[in-house]
Amino acid sequence: MSIVSVEHVSKDYMLGKTVVPALRDVSLAVGKGEFLSIAGPSGSGKTTLLNLVGCVDTPSAGRVIVAGQDTARLSERALTELRLRTIGFIFQSFNLVSVLSVFQNVEFPLLLQGGQTRKERAERVLALLDAVGIAEHARHRPSELSGGQRQRVAIARALVTRPALVLADEPTANLDSETGGNIIDLMKEMNRRDGTTFIFSTHDPKVMAHASALVRIEDGRISSREDLDAARRAGGR
Amino acid sequence: MLGVDLMIAGRNLARHTRRNLFLGGALAAVTALLVLLGALTAGMESAMMQSATTLMTGHVNVGGFFKITSGSAAPLVSQYPRVLEAVRAKVPELDYATVRGRGWAKAVSEHVSMDLVLAGVDVAHEPTFRKVLHVVDGDLEALAQPGTVLLFEGQAERLKLKVNDVLTLSAPTARGVNNTADVRVAAIARNVGLLSAFSAFIQADTLRELYGLSPATTGAIHLYLRDPRDAARVAARLRTALAEAGYRVMEPEAQPYWMKLMQTVPSEDWTGQKLDVTTADDEMGQFKQFILALRVVTGLLVVILMVVVVIGILNTLAIAIRERTREIGALRAIGMQRRKVLWLFVLETALLGLLGTAAGVAVALAVAGAVNAAGIALPEAVQVFLAQERLRFLLDPGAIAADALVLAAIAVAASVFPARRAARLKPVTAMHHVG
Ligand SMILES: Nc1ncnc2c1ncn2[C@@H]1O[C@H](COP(=O)(O)OP(=O)(O)O)[C@@H](O)[C@H]1O
Ligand SMILES: [Mg+2]
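As they're listed, the protein sequences go chains A and B. Residue numbers for the first sequence follow our numbering, beginning at 1 and rising by one. Residue numbers for the second sequence follow our numbering, beginning at 238 and rising by one.
(1) Rank B/ILE439, B/ILE425 and B/ALA434 by C-alpha distance to the C-alpha of B/ASP419 and give the top, closest one.
(2) Quick one: give me the first and last residue of the beta strand (DSSP E) that B/LYS497 is part of.
(3) Is the stretch 219-236 of chain A touching the stretch 542-561 of chain B in the sense that three or more CB pairs, one from each, lie closer than 8 Å?
(4) For B/VAL539 and B/GLY261, I'd like the C-alpha separation in whole angstroms.
(5) Tell me the rounded alpha-carbon separation between B/LYS304 and B/LEU273.
(6) Is A/ALA22 a contact residue of ligand 1, with contact defined as CB to any heavy atom under 7 Å?
(7) How would you call B/ALA441, buried or exposed, if buried means at least 16 neighbouring beta carbons within 10 angstroms?
(8) Please tell me whether, using a cut-off of 7 Å, the distance from the CB of A/GLU170 to the nearest non-hydrogen atom of ligand 2 is below it.
(9) In or out: B/PHE302 buried (at least 16 other Cβ within 10 Å) or exposed?
(10) List the residues that DSSP assigns as beta-bridge partners of B/TRP341.
(11) Using the three-state DSSP reduction, which class does A/LEU96 fall into: helix, strand or coil?
(12) If we define contact as Cβ-Cβ less than 8 Å, is A/GLY235 a contact residue for chain B?
(13) Per DSSP, what kind of secondary structure is A/ILE184 in: helix, strand or coil?
(14) Taking only runs that begin and end inside the stretch 369-450 of chain B, name each unbroken alpha helix (DSSP H) of 4 or more residues, in chain order.
(15) Alpha carbon to alpha carbon, how far is B/VAL546 from B/LEU460? Give it in angstroms, no decimals.
(16) List, in order along the chain, the chain A residues whose C-beta lies closer than 7 Å to that of B/PRO664?
(17) By DSSP, does A/ALA231 sit in helix, in strand, or in coil?
(18) Tell me, please, whether the CB atom of B/HIS670 is closer than 8 Å to any CB atom in chain A?
(19) On the DSSP letters alone, give me the boundaries of the beta strand (DSSP E) that B/GLY300 sits inside.
(20) Can you list the residues of chain B that A/PRO109 reaches, using a CB-CB cut of under 7 Å?
(21) Does any residue of chain B bring its CB to less than 8 Å from the CB of A/GLU189?
(22) Looking at the unbroken beta strand (DSSP E) that takes in B/ALA560, where does it start and where does it end?
(23) Tell me the DSSP secondary structure of B/VAL578 in three-state form.
(24) Which whole-angstrom value describes the C-beta separation of A/ALA22 and A/GLY45, a residue pair presumed to lie in contact below a C-beta threshold of 8 Å?
(25) On a CA-only basis, which of A/HIS203, A/ALA127, A/MET208 and A/THR196 is nearest A/GLY31? Give me that one, please.
(26) With 8 Å set as the bound, which would you pick, yes or no: does the beta-carbon of A/THR71 sit closer than that to a beta-carbon of chain B?
(27) List the residues of chain A that B/ALA651 touches, going by C-beta distances under 7 Å, in chain order.
(28) At the level of alpha carbons, what is the spacing between B/VAL665 and A/ASN95?
(29) Can you list, in chain order, the residues of its chain whose CB lies under 7 Å from that of B/TYR484, leaving out five sequence neighbours each side?
(30) At the 8 Å Cβ level, is A/PHE89 part of the contact set with chain B, yes or no?
(31) Could you name the residues of chain A that B/ALA567 contacts, counting a contact when the two beta carbons are closer than 7 Å?
(32) Considering Cα atoms alone, identify which of B/LYS399, B/ALA356 and B/GLY295 is closest to B/ASP376.
(33) Any heavy atom of ligand 1 closer than 7 Å to the beta-carbon of A/GLY43?
(34) Have a look at B/GLY672 and B/ALA639 and give me their C-alpha separation to the nearest angstrom.
(35) Looking at the secondary structure, which residues open and close the alpha helix (DSSP H) in which A/ARG83 lies?
(36) Determine, using beta carbons only, whether A/LYS119 and A/LEU52 come nearer to each other than 8 Å.
Here's what the structure looks like:
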């Protein structure tokens with residue numbers, strides 16, 4: 001059963017009067033618990049695809065179904081609710097709220113969701129900060145952290161609501177390769193432990209290697225889909 | 238959640254200290270100006286009404302007009318002791334009552350003449366007279382003697398008179414002849430604003446003699462109430478009561494008696510005696526209009542300044558929204574609703590508005606307090622105009638709070654438009670924006 005289903009989706013951008021086709025007739029199904037990497041050169045349409053799946057943009061044609069809901073049929077409010085309760089975002093450039101502490105940044109989605117006591121929230125946030133290894137920075141502001149640390153905060157913020165789906169657009173692009181590797185390991189562990197579905201884009205081959213499945217995208221079209229786990233199993237036999 | 242919202246709003250304000258200090262300072266300045274001008278106007282009004290309600294009018298007056306022919310009119314209440322008795326019985330709110338003659342005469346000194354509105358007074362029965370009159374030369378008690386007059390400084394100067402000098406009063410009587418009387422200047426008092434420009438006080442019986450009136454006749458009965466705010470109610474009650482007692486009572490009209498004497502009453506088709514019940518507000522209508530005009534000017538000034546502040550708010554928020562586009566987009570992407578974005582920006586401005594106006598009120602209170610305490614004397618010319626010797630601010634907590642809240646509300650209202658624009662930002666646009 002797939003959590004994301006992209007069906008014959010096209011996306012055109014208007015650049016002045018010229019139409020820029022960013023995605024052309026893309027179809028993709030992502031199953032629950034996958035750790036899917038979208039790979040492709042710069043400008044190939046990775047961000048566009050993630051934006052559509054993340055319900056922050058709408059396709060020019062085709063359907064995007066997330067957690068069983070046809071996103072075209074949802075109101076702006078309902079889409080926001082879907083993002084809040086079902087999806088976690090990890091941005092390439094972190095996008096933390098600069099005036100809030102690390103703890104408050106991670107707590108924020110829980111506050112938006114509502115319905116939890118302060119104690120419940122604190123427990124969840126601290127456990128996650130611990131898991132991503134920045135518990136000792138809980139009271140710091142984002143500006144006091146390194147890039148890797150900020151990306152950990154962003155991961156914690158994306159995971160704190162225990163979303164079914166986490167989207168990460170080049171989460172390691174702004175990090176050195178060692179820190180990037182750590183971040184991928186961290187995401188992978190969350191995926192393994194909680195069964196959270198991850199879809200992340202990258203053009204770094206080392207990062208792709210960790211994926212359970214690899215979708216290659218070129219010039220707005222999906223050129224291949226490899227099941228790396230199956231290949232590993234086959235290779236190990 | 239509100240705690241975190243306030244924290245975000247407060248810290249975002251603090252992040253751009255300079256421009257927000259500037260904006261908050263501008264708002265504070267407008268608030269301070271509004272509060273101070275309001276307090277100054279209120280101070281003038283209070284000082285003016287205080288001297289006016291002693292010198293020119295009671296809180297409620299029972300005056301009247303006597304017409305021998307329908308084309309003439311004299312400001313008279315005949316058989317006033319009976320009227321006074323009827324009035325006392327109907328006004329339990331009464332503190333005290335005084336009886337004033339009303340008249341108008343040409344004052345002639347050796348070289349000059351001028352028109353004076355005359356009030357006939359019995360100083361022995363004027364309990365608050367000496368509180369509002371500053372006698373600079375002569376003696377107020379001397380005004381008890383027959384044939385005496387009290388002038389204000391400006392009049393004495395114009396007529397070139399000193400205490401104990403004699404001047405001639407020439408008054409047109411109801412019969413169409415001019416009576417004259419020589420009176421001695423018993424005292425000269427300091428000017429009290431516009432009032433003292435045209436009115437003078439004369440011993441009550443001397444005024445009666447000048448007009449050839451009986452001792453039972455006077456111009457008006459001034460009623461002073463324990464609480465002046467009862468005036469309108471008492472006046473209405475008296476009109477009914479006096480009418481029921483058989484007096485002819487005029488319809489209420491908010492004009493000073495001398496306007497009625499000159500304009501409306503002579504053109505009315507009746508003869509004999511009619512009573513006219515008025516309040517201080519009726520008698521001081523023109524001064525009230527002057528105060529109103531002052532308030533309007535203050536209001537216009539504040540409106541103009543607030544336009545500047547509002548432009549500042551629009552500008553500042555536009556900058557803030559541009560700077561935070563990424564952040565807003567990210568928050569929208571992780572599930573913040575539009576109205577929440579709107580709320581955060583409005584809250585930020587509300588906080589700035591409250592801090593700014595509060596600072597403005599604090600400054601205004603400090604300035605007003607210092608000025609009141611210092612007792613700064615006003616220049617002579619201004620004194621006459623303001624009916625005050627010293628600059629005095631009358632601070633009314635209710636009015637100040639209302640001023641501050643209105644200005645803060647305007648600031649908040651101004652923020653709604655840019656905040657809506659921020660709320661409409663598409664989350665994806667926000668993410669594309671690389672800053
Ligand atoms: N907002 C936009 N307006 C116009 N063209 C855009 C916009 N966003 C992306 N594009 C174009 O769409 C194509 C795909 O972009 P994108 O999805 O960002 O690729 P990637 O993330 O793989 O680098 C590119 O050609 C890019 O220039
Ligand atoms: Mg991209």
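Don't be surprised by glycine CBs; every beta carbon is placed ideally from N, CA and C. Here the structure is a predicted model, which means the values were calculated and not measured.
In short, the structure shows the following:
(1) It is B/ILE439 whose Cα lies nearest to the Cα of B/ASP419.
(2) Segment: none, B/LYS497 is in no beta strand (DSSP E) and carries neither H nor E.
(3) No: the two stretches stay apart, fewer than three of their Cβ pairs being nearer than 8 Å.
(4) So the two alpha carbons sit approximately 15 Å from each other.
(5) Rounded to the nearest angstrom, the two C-alpha atoms are 48 Å apart.
(6) Indeed, a heavy atom of ligand 1 lies less than 7 Å from the Cβ.
(7) Classification for B/ALA441: buried.
(8) For ligand 2, at least one heavy atom lies less than 7 Å from the Cβ of A/GLU170.
(9) So B/PHE302 counts as buried.
(10) Per DSSP, B/VAL354.
(11) Note: A/LEU96 maps to coil in three-state DSSP.
(12) Not one chain B Cβ lies under 8 Å of A/GLY235.
(13) Helix, per DSSP.
(14) Entirely contained in the stretch 369-450 of chain B, the alpha helix (DSSP H) runs reaching 4 residues are, in chain order, 390-396, 432-435 and 441-448.
(15) C-alpha separation (whole angstroms): 48 Å.
(16) In chain order: VAL56.
(17) Here A/ALA231 carries a helix assignment [DSSP, helix/strand/coil].
(18) Residue confidence for B/HIS670 is low, a pLDDT of 46 falling below 50, so the modelled location carries little weight and cannot support an answer.
(19) Here the beta strand (DSSP E) through B/GLY300 covers 297-304.
(20) Going along chain B in sequence order, the residues near A/PRO109 (Cβ under 7 Å) are ILE571 and GLY572.
(21) Chain B, which has no Cβ nearer than 8 Å to the Cβ of A/GLU189, makes this no.
(22) According to the sequence as given, residue 560 of chain B is Glu; it is not Ala. Run containing B/GLU560: none in the beta strand (DSSP E); it sits in the alpha helix (DSSP H), 522-560.
(23) In the structure shown, the three-state DSSP call for B/VAL578 is helix.
(24) Contact flag correct, Cβ pair sits at about 5 Å.
(25) In terms of CA proximity to A/GLY31, A/THR196 leads the group A/HIS203, A/ALA127, A/MET208 and A/THR196.
(26) False, the Cβ-Cβ gap to chain B never drops below 8 Å.
(27) Here the premise fails: no neighbours, minimum Cβ distance about 23 Å.
(28) One C-alpha to the other measures close to 13 Å.
(29) Within its own chain, the residues whose Cβ lies closer than 7 Å to the Cβ of B/TYR484, once the five positions on either side in sequence are excluded, are LEU512, listed in chain order.
(30) Yes, A/PHE89 lies at the interface with chain B (some Cβ there is under 8 Å from its Cβ).
(31) For the C-beta of B/ALA567, the chain A residues within less than 7 Å are, from N- to C-terminus, PHE91 and ASN95.
(32) Closest by alpha carbon: B/LYS399.
(33) True, at least one ligand heavy atom lies under 7 Å from that Cβ.
(34) Bear in mind that a pLDDT of 39 at B/GLY672, under 50, signals an unreliable position, so the number given afterwards is only what the model happens to contain. C-alpha separation (whole angstroms): 42 Å.
(35) From DSSP, the alpha helix (DSSP H) with A/ARG83 extends over 76-86.
(36) A distance of 8 Å or more separates the beta carbons of A/LYS119 and A/LEU52.
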